[in-house]
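One structure is given below, encoded as structure tokens.
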DNA sequence: TTATCGAATATTGGATACAATATGCAAGAA
DNA sequence: TTCTTGCATATTGTATCCAATATTCGATAA
């Protein structure tokens, strides 16, 4: 048959739609740390019953994006400076390794896509855009590693700290510095030097960690 | 007040009880790969409605232990040889790093506990016991790293591959070899040598990977 | 006043009922 | 026969309703 078909079995259920919307709102910081998520209120917003809302909250809890107490409900889960520090260390470890695997397999299309995100990043003017292009730049470079388990963990980890990443970028000269470091990482990828790409990625993440901790501890 | 209190707010909901029971059954291999998990059947087994069963299945899906298709239901999620290989690489990366952080902080109590698991491991006589003591031996050694995010990821990863780990141990001389390697790792910890403990842990995991891949590829 | 108790309200957890979809099977057409 | 089609059944997704618990707020007593 010659029909553009969509696999209806994989269309989203109400629970998944709600999950993705809430996740986006949390990640983008529209819902603040500690803010309660009332089932009834969310159900009304999406014009459903509370059942799919509860499933969505269950998913978010598994991802560590909300914290739930029995009979008390769910709140947006924040992150302590210690946790943040540890997560940045974890990122350096895993993302450094992933990019090392990716560089030897990297296609010209991937490099072009990364360069486009890099350009968009430096032209962006607000935190959400910075965060978005920053993240896409990095994950694009990881893609060709074809390490699906690693990539899944990286995405979940980034979801968890996206808000704080954006805050760090918004610091004075956060964007300028990231921009320069991105350029160096991309150059290493283009040069086909996995070790250098890995080392620069680790440095980039650990530098951001120091920057962020400064921010978190002061305010 | 001087009363032994339990925080009732943290007692398990029906969904959590069902989740843990199903997780245990999947991890221990009582539920085979691809086996369908019928909501109705599970609900009858636990004498509840399907609502908490669905929450439990949602949690398991987030952990990657079951795969769900809309209107078709959930099945126990297996793992391909490629995925297994990648997950063992991931384990080597993360667990190697974690033990390096743990060794300088390791207490005598931890070392004693690890040694007890090691003894129990070599005396065990069936796959479930091997798997159990093996896992506890390793996670005990990781504990003092106090890297809670890393540890959470490690536990989830181990949950995901526990079945295959056990299969690998059950291979001819799998236990004997693991036993010798565990002894060496523990010795490095007792000697307070993080780099050696890390290197041995990585070797241990990557050796098991080769062993397992052989098993998976042959059938 | 201030602390404590209790009822009223709000909110979550779970059961039941209904709707949407998948699956299996029988009947008919090629 | 073998393939298709439509119906009956099975299963999942969601709505509605009830139960269990938390929270708020006013009344009362010290």
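Residue numbers (the numbering used here), protein chains in the order written: chain D, 1 to 219; chain Z, 1001 to 1219.
From the three backbone atoms N, C-alpha and C, an ideal C-beta is built for every residue, glycine too.
I need the boundaries of the alpha helix (DSSP H) containing residue i, first residue and last residue.
i                      : result
residue 1053 (chain Z) : 1050 to 1062
residue 1128 (chain Z) : 1127 to 1143
residue 214 (chain D)  : 194 to 218
residue 29 (chain D)   : Run containing residue 29 (chain D): none; DSSP gives neither H nor E here.
residue 1122 (chain Z) : 1108 to 1123
residue 87 (chain D)   : 81 to 102
residue 44 (chain D)   : 39 to 46
For the beta strand (DSSP E) containing residue i, list its first residue and its last residue.
i                      : result
residue 75 (chain D)   : 73 to 76
residue 1068 (chain Z) : 1066 to 1069
Who are the near neighbours of residue i in its chain, counting only those whose CB is closer than 8 Å to its CB and skipping five residues on each side?
i                      : result
residue 1143 (chain Z) : 1102, 1110, 1151
residue 1105 (chain Z) : 1144, 1145, 1146
residue 1139 (chain Z) : 1151, 1154, 1155, 1158
residue 1001 (chain Z) : Unreliable placement is indicated for residue 1001 (chain Z), whose pLDDT of 43 sits below 50; the coordinate value is still reported in the next sentence. Cβ within range, chain order: n/a, list empty.
residue 1094 (chain Z) : 1150, 1153, 1154, 1157
Taking only beta-carbon positions, decide if residue i is within less than 8 Å of chain D.
i                      : result
residue 1086 (chain Z) : yes
residue 1046 (chain Z) : no
residue 1150 (chain Z) : yes
residue 1153 (chain Z) : yes
residue 1031 (chain Z) : no
residue 1058 (chain Z) : yes
residue 1147 (chain Z) : yes
residue 1070 (chain Z) : yes
Assign residue i to buried or exposed, taking buried as 16 or more other Cβ atoms, counted over all protein chains shown, within 10 Å of its Cβ.
i                      : result
residue 1047 (chain Z) : exposed
residue 1059 (chain Z) : buried
residue 134 (chain D)  : buried
residue 1178 (chain Z) : buried
residue 1163 (chain Z) : buried
residue 145 (chain D)  : buried
residue 52 (chain D)   : buried
residue 1173 (chain Z) : exposed
residue 100 (chain D)  : buried
residue 991 (chain Z)  : Residue 991 (chain Z) lies beyond the stretch modelled for chain Z, which goes from 1001 to 1219, so this question has no answer here.
residue 155 (chain D)  : exposed
residue 1119 (chain Z) : exposed
residue 126 (chain D)  : exposed
residue 1040 (chain Z) : exposed
residue 89 (chain D)   : buried
residue 1098 (chain Z) : buried
residue 1209 (chain Z) : buried
residue 1038 (chain Z) : exposed
Under 8 Å between C-beta atoms, does residue i make it to chain Z?
i                     : result
residue 128 (chain D) : no
residue 106 (chain D) : no
residue 94 (chain D)  : yes
residue 13 (chain D)  : yes
residue 231 (chain D) : Examination of residue 231 (chain D) is not possible in this model, given that chain D is present from 1 through 219 alone.
residue 62 (chain D)  : yes
residue 97 (chain D)  : yes
residue 55 (chain D)  : yes
residue 90 (chain D)  : yes
residue 201 (chain D) : no
residue 37 (chain D)  : no
residue 208 (chain D) : no
Excluding sequence positions up to five away, which residues of its chain have a Cβ less than 7 Å from the Cβ of residue i?
i                      : result
residue 92 (chain D)   : 202, 205, 206
residue 56 (chain D)   : 15, 18, 19, 22
residue 124 (chain D)  : 130, 133
residue 1186 (chain Z) : 1114, 1115, 1118
Just to confirm, does residue i get its C-beta within under 7 Å of one of the non-hydrogen atoms of the ligand ADP?
i                    : result
residue 48 (chain D) : Only the bare structure without any ligand can be found here, which leaves the ligand ADP out of the picture.
Short of 6 Å in beta carbon distance, which residues of its chain neighbour residue i, apart from the five on each side in sequence? Order them along the chain.
i                      : result
residue 1029 (chain Z) : 1163
residue 1096 (chain Z) : 1198, 1201, 1202
**Q.** Residue ranges of each beta strand (DSSP E) within the region 1145 to 1191 of chain Z, 3 or longer
**A.** If we require 3 residues or more, the region 1145 to 1191 of chain Z turns out to have no beta strand (DSSP E) run fully inside it.
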